[in-house]
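Chains A and B supply the protein sequences, listed in that same order. Take the first sequence: its letters are residues 5 to 466, numbered as in the numbering used here. Take the second sequence: its letters are residues 11 to 277, numbered as in the numbering used here.
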Amino acid sequence: MVSAMICLLKMPCAVVCSKIAKRGGAAWISTLAYSLAVYAGAPDVDQIFSARWAAGIDDGRSQLFELGWRPEARWRFNDGGRLTGRLRLRVQTESGTRPGNIENDSFAPATRPQTIGETGELDLRELYYERPLDDWYLTIGKQQVVWGKADGLKVLDVVNPQSFREFILEDFEQSRIPLWTFNAERSIDDWLGGDWTLQLLWIPDQTYHALPKQNATYAFSSPRLAPQPPPGVSALIRSSEKPDRLFADSDAGMRLSGFVSGWDVSINYLYQYDNRPALHQRFISGATPLVEITPRYHRMHVLGGTFSHAIGDWVIRGELGYFSGRYFLSNASQAQDGVASSPELSVVIGLDWSGVEDMFISVQWFESWLSDYRQGFTRPERDNSLSLLTRRYFWNDTLQAELLWIANTHDNDGLLRPSLSYELEDNLEVRAGLDIFYGKRAGLFGQFDNNDRFYISLRYGL
Amino acid sequence: MKIQQLFGMGVLLMLICEAVWSTPLPDADEIARRINARDEGVAVARSLTMRLTDRRGKTRTRETRAFRKYYGKEKRTVIFYLKPANVRNTAFLTWDYPQADKDDDQWLYLPAMRKVRRISASDRGDYFLGTDLTYEDIKLETRVSMNDYRRKTTGEDEVDGHHCYLLESIPVDEDTARELGYGRVEQCVDSEIWMVRRSRFWDIKGKPLKTSYFRDIRKVQGIWTQHRIEVENHKSGHRTLFLFRDVDYEHGVSDDLFTQNALRRGL
């Protein structure tokens, strides 16, 4: 009787789930997760409610208003397995950052978030089953796999694509796009001695970076990232030509990570489609000439490694990545469709210092070099960036003051992000800060010089 | 002979007897050795509730699960945060080596970054994730550092009805004092079970810093175990209460828990 009543109470949820499922994509997984709640027992549940508002500093206009709900449920099974599901429902009211202003065709159908009206978005962020199996630890399902040691600057953190809805201002945890992945890890101490883990990845999910549409607040306009049609010529962006073969177009990777004489090290390899599309262009002459832009994705090999080591008050860390062939915009006449490829070598070295109590200072130096650089590339052969992060904790970590500065030393542009966050209650955090872009409009950061903003956010956990 | 004279002679006699027959205080290093020689079990699993209260009485509560295991003299400790949702999945791992000249290795997993971060072991005087215990306090648990201090036994006292010896510890040099954040430590060590029942700390300028009480000490599976640690910071007025429960020394703790992979996966 009681069970029947519970089922009746839960039926509306089931109806909602099935409606969501009818909307296509991966939402049937939500129904599956719900069924588990009914048949596999009550899960552990956490929920985060959030609200964010941002306004332009220059014009005072509201730039973003977002309400979010992020429930997480974990089911445990007797065989040692565990199923974790994370949903994200958010409502965006400002037109420049609405879900409809993000290119959705870079998502595979099973990964694409469900839009609800003009402003809502429901996303099955993660759903994975994990369990030890003999010497292996398997994690299967939609998940995030994070590689690398760098903060804020990505070299090897490329397994999952990213949403650039707010350029790089959104937390990576939220902007990173989880993928359907088979992830197997095994300790191989017995093979190599010491502490070593082998990770194998198979990612049959053809989802790539989500880029803002042309009228979005954070639409790319820098010549480094966006084609620049001649005056009087309009641009027409076609649907992307996206790989769609489940097996043949899968990504695959491997990481060997270990701890040797006080050093954390890893060797990483990934065979993937570059998450960043190459924007192939075709000039169409006529009465109203236009440039037709078609985003295409290209295969590449990524080979790299990471390290970190603590010495006294210092931690040194770094990562190196070699990308066998990346496509860049090119103005050269021989680059017939406006793009040309080159291998890229990227390196980041970071130095963290925590010599003063409750204080953390971190400096990073980043360099990217194109080994087959040719005249006409819209980015430089060598590109350099620096970052500085200072963080200070007060009142038993309830108040945190932070300043992050990222600067591109080639274009002399950058981003300043001072912020204050305070734990108002046990589970309630308020954060306020500024995001200030500076530099020339052609630069990566300078392109958003008009988007300087003030923001305030609230986060409540249950 | 007057009564007062008789009383005076009696007191004098008692003092002489006390001086002649009283047991000398045990050597400080011997007390430290006894503290560290106490059976802690090879491995332990336990739940730990942390209550952090500021001077205005506002309280934050964290639920964690903590594990510790010895590998010979090397000690590995890991703490997983379970609640509240804001800090869930935060995890801290330390490998503590017996060699005095070898820094510990420490890692912190921050779920917002989804990365295991190497942290400097010289942060040991920093306060651990908003509590009034330092990373070093967390690492040492019920033990004392043999290399960081010069110590002497200064007297006797009583805490919660238990007789104890007073152990005064002074950092071996200024650098160590700065690293630890303490200029002097006075511990009241139970003379029967060799556990610290009270610690008083002074900062490097000699000002009172904090006082810790270790209470509800009882045997679990044959091992004396503290179930309650109360710390009051005299400078900030902030207080920390650690409550241990479900302490288990017998059922073993998997080696896999003391790895970076375990930090990432959580409990």
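By construction, the Cβ of each residue, glycine as well, lies at the ideal position given by its N, Cα and C atoms.
Asked, Found
"Can you have a look at W151 (chain A) and say buried or exposed, based on whether 16 or more other CB atoms are within 10 angstroms of its CB?", "buried"
"Note down, in chain order, each residue of its chain lying with its Cβ closer than 7 angstroms to the Cβ of P218 (chain B), except the 5 sequence neighbours on either side.", "W212 and H244"
"Nearest-angstrom Cα distance between V343 (chain A) and Q379 (chain A)?", "12 angstroms"
"Please say whether P121 (chain B) and G465 (chain A) have beta carbons closer to each other than 7 angstroms?", "no"
"Report the residue from B:A131, B:V126, B:L253 and B:G262 whose alpha carbon sits nearest the alpha carbon of D111 (chain B).", "B:A131"
"Name the residue from B:L143, B:V199 and B:D39 whose alpha carbon lies nearest to the alpha carbon of V169 (chain B).", "B:V199"
"Can you find a C-beta in chain A that's less than 7 angstroms from the C-beta of A53 (chain B)?", "no"
"Along chain A, which residues have their Cβ under 8 angstroms away from the Cβ of P218 (chain B)?", "Going along chain A, no residue has its Cβ under 8 angstroms from P218 (chain B), so there is no contact; the nearest lies around 18 angstroms."
"Smallest Cα separation from V257 (chain B): which of B:F102, B:R65 and B:R75?", "B:R75"
"On the three-pair Cβ rule with 8 angstroms, is the region 133-141 of chain A touching the region 252-262 of chain A?", "no"
"Rounded to the nearest angstrom, what separates R27 (chain A) and P216 (chain A) at their Cα positions?", "Residue confidence for R27 (chain A) is low, a pLDDT of 49 falling below 50, so the modelled location carries little weight; the figure read from the coordinates is stated next. Cα to Cα, the separation comes out at about 23 angstroms."
"Exposed or buried, A114 (chain A), counting other C-beta atoms within 10 Å across all chains shown (16 or more means buried)?", "buried"
"Which residue wins for smallest C-alpha separation from D113 (chain B), given the options A:E174, A:V319 and A:I207?", "A:V319"
"Below 7 angstroms on C-beta distance, what does P94 (chain B) contact in chain A?", "D430, N431 and G465"
"Could you tell me which chain B residues have their CB closer than 9 angstroms to the CB of T201 (chain A), listed as they occur along the chain?", "T269, Q270 and N271"
"Counting Cβ pairs, one atom from each stretch, are 3 or more of them under 8 angstroms apart for the region 417-427 of chain A and the region 178-185 of chain A?", "no"
"Closer than 8 angstroms by beta-carbon distance: list the chain B residues that pair up with I52 (chain A), in chain order.", "A95 and N96"
"DSSP beta-bridge partners for G124 (chain A)?", "A:V95 and A:I120"
"Looking only at its chain, what residues have a beta carbon closer than 6 angstroms to the beta carbon of D115 (chain B), apart from the 5 residues adjacent to it on each side?", "W105"
"Can you give me the Cβ contacts of G450 (chain A) inside the same chain, cut-off strictly under 6 angstroms, excluding the 5 residues immediately before and after it?", "D417, G443 and K444"
"Using only CA atoms, which one of A:T97, A:L424, A:S375 and A:K153 lies nearest to D268 (chain A)?", "A:K153"
"Please confirm if G140 (chain B) has its CB atom under 7 angstroms from at least one CB of chain A.", "yes"
"I want to see whether chain B comes within less than 7 angstroms of S238 (chain A), judged by CB atoms only; does it?", "no"
"For D64 (chain B), which of A:I106, A:A230, A:D161 and A:E429 has the nearest alpha-carbon?", "A:E429"
"Tell me which residues of the region 162-193 of chain B have at least one Cβ-Cβ distance to chain A shorter than 8 angstroms, keeping chain order.", "G191"
"What separation, rounded to the nearest whole angstrom, lies between the Cα atoms of A25 (chain A) and P117 (chain A)?", "Its pLDDT being 43, under 50, A25 (chain A) is placed unreliably in this model, and the value from its coordinates should be taken loosely. Computed Cα separation, rounded: 12 angstroms."
"Please report how far the alpha carbon of G197 (chain A) lies from the alpha carbon of T269 (chain B), in whole angstroms.", "15 angstroms"
"Given Q166 (chain A), which residues of its chain have a CB within under 6 angstroms of its CB, disregarding the five upstream and five downstream residues?", "S179, R180 and H213"
"Please give me, in chain order, every unbroken run of the alpha helix (DSSP H) with length at least 4 that falls completely inside the region 158-240 of chain A.", "176-179 and 193-196"
"Quick check on this structure: which residue in A:D317, A:A282, A:S265 and A:F364 has the alpha carbon closest to the alpha carbon of E245 (chain A)?", "A:A282"
"For V97 (chain B), which of A:L432, A:E296, A:E174 and A:I440 has the nearest alpha-carbon?", "A:L432"
"What's the C-alpha gap between W117 (chain B) and R134 (chain B)?", "13 angstroms"
"What is the rounded straight-line gap between the Cα of T235 (chain B) and the Cα of D147 (chain B)?", "16 angstroms"
"Does the CB of D136 (chain B) have a neighbour CB from chain A at under 7 angstroms?", "yes"
"Got a sec: does the ligand SAH put a non-hydrogen atom nearer than 6 angstroms to the Cβ of S130 (chain B)?", "Because no ligand of any kind appears in the structure shown, any question about the ligand SAH cannot be addressed here."
"In this structure, how does DSSP classify Q379 (chain A) when only helix, strand and coil are distinguished?", "coil"
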